[in-house]
Amino acid sequence: MKLKKMLSVLLVLAVLVSMTACGGETESSSDGGEKASTGGSDTITIGASLPMTGSVALNGEMILEGIQIAVDECNEAGGIDGKEVVIDAQDDQAEPNQAASVANMMSADEKIVAIIGSLKSSCTLAAAPIYEEAGVVALSPDSSSPEVTNAGEYIFRIKNSDVVLAQTMAKGAISDGHTKFAILYENNDYGAGVLEQSQIAIEEAGCEIVCTESILTGEQTDFSSIISKIRESGADAILMGVDYNESGLVMKQMKDAGLDLPRYATDGLFTDAFIEVGGEAADGTTVLTSFITSDQSENVQNFIKKYQEKYDGEMPSIFQAEGYDCGKIVIEAIENAGTDRKAIRDYMATMSYQGVTGDCTFDENGDVNIPLKRCIVEEGEFVLLEE
């Protein structure tokens, strides 16, 4: 599956390059209750700043797939004022410097009326000042660092902050009876947020952190020393703020070393890619999610149906769901506010949207608070836990 997906992203990007060659520039006014106008171009362009290469390229591709479903729905219904919506997708490589370069390029391109991105918190934070200065919305599908809360009035996200995610993860483990924790976290802004917020929840409950270890995403493959430290610490559970690939490798190596401890993670592991990497060692991992395919809500099942029709019957993960909701939100804002960048921002600040990841209303900081579910991996499948 991973090979097929990596090949398909090249095809997706090739299509996007051809689509965005025609570009689009429009003007609008959303005052007075009238439908906002668009200009004379045949297209409306939404930017996407996502990792297409590097260690989390698969995550970027999955998000882009979800965005594409939302764009397809819009265009099949006639577009916006009869104009085709297109995506200009650029590779930020999950690197802050590259994300800033992409932000400079997209902000300067007047055809791009709003941006979806970035994925990594460090990239969102690096790009935020550029988008702020340019006055263009950037809607992150997956940045959870608490620092994003204060990134600026043009920065929005549909991902809960780690004030919610990491604390919910830790509180769930505590409610399961665990008292001594090892915390594994990425060596970046996302990981720092997971560590800090997990510590707050654990200390407030009177429990103990006995081991903390950072992981270099995309660089580290041997976790034997970390596993030894966890074993020696006396931890009775592990909290994880680490990407799916490294998490899967850690669990495989733990299993090989005979270390069997309950593992808890935020929603970044709610993807089949984690199970593919971890194999049988992924079983028993408790994962948070705001999206689950067994949800029988009409909008969720419609999204799953359309995704499977387009992508050979595969099931979408949290990443495709986040991309889809981002696409739908930006498209709704353009439909109602037109293509003026500030008008889009002002509409998003007050909108309410019923998404496949949950009901979305942005607070004054562009943050959301979406209800979370807990799942556990059993025999290679995510199973919803009854709370």
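Numbering-wise, the sequence shown is residues 303 to 689 according to the working numbering. Just so it is clear, CB atoms sit at the ideal spot from N, CA and C, and this is done for glycine as well.
- Annotated as proximal: Y546 and F576, with beta-carbon spacing under 7 Å.
- One alpha carbon belongs to Y655, the other to Q400, and they sit about 31 Å apart.
- Within the model, the alpha-carbon separation for V602 versus P673 is close to 15 Å.
- With 16 or more other CB atoms across the displayed protein chains lying within 10 angstroms of its CB, A639 is buried.
- Buried is the label assigned to K385, since at least 16 other Cβ atoms lie within 10 Å of its Cβ.
- Look at the beta carbons and you see the region 416 to 423 touching the region 348 to 365: at least three pairs across the two are nearer than 8 Å.
- Contact annotation: C509 and I532 have beta-carbon atoms that are not nearer than 7 Å.
- Distance from the CA of E548 to the CA of N452, rounded to the nearest whole angstrom, comes to 29 Å.
- Look at the beta carbons and you see the region 615 to 634 touching the region 354 to 373: at least three pairs across the two are nearer than 8 Å.
- Within the same chain, P353, T355, G356 come within 7 Å of Q395 by CB-CB distance, once the 5 residues on both sides are set aside.
- Its chain contains S423, S424, L427, S447, E449 as the residues whose beta carbon lies nearer than 7 Å to that of D491, once the 5 sequence neighbours on both sides are disregarded; these appear in chain order.
- Taking I511 as the centre and dropping the five residues before and after it, the same chain places the C-beta of F483, I485, Q501, I504 closer than 7 Å to its C-beta, in chain order.
- Of E506, T519, Y456, A507, the smallest CA-CA separation from E397 is found for T519.
- In this structure, F664 sits near F458, with a CB-CB distance shorter than 7 Å.
- Per the DSSP secondary-structure output, I418 pairs in a beta bridge with A350, L441.
- V387 sits away from V404, with the two beta carbons spaced by 7 Å or more.
- Counting along the chain, no beta strand (DSSP E) covers T426; the unbroken alpha helix (DSSP H) around it starts and ends at 423 to 436.
- Straight-line measurement puts the Cα of V658 at about 25 Å from the Cα of D383.
- E488 counts as buried, since no fewer than 16 other beta carbons sit within 10 angstroms of its beta carbon.
- Your pair R647 and Y433 does not check out as a contact, with CB atoms roughly 10 Å apart and the cut at 8 Å.
- Annotation: G581 to G550 spans about 8 Å, alpha carbon to alpha carbon.
- Taking 7 Å as the cut-off, the Cβ atoms of L467 and T591 do not count as close.
- Between N671 and Y613, the alpha-carbon positions lie close to 30 Å from each other.
- Per DSSP, the continuous beta strand (DSSP E) segment holding K675 begins and ends at 675 to 680.
- G615 sits exposed, since fewer than 16 C-beta atoms from the chains shown fall within 10 Å of its C-beta.
- With fewer than 16 other Cβ atoms inside 10 Å of its own Cβ, V685 counts as exposed.
- If you compare the alpha carbons of D597, A635, I633, G629 with that of M617, the shortest gap goes to D597.
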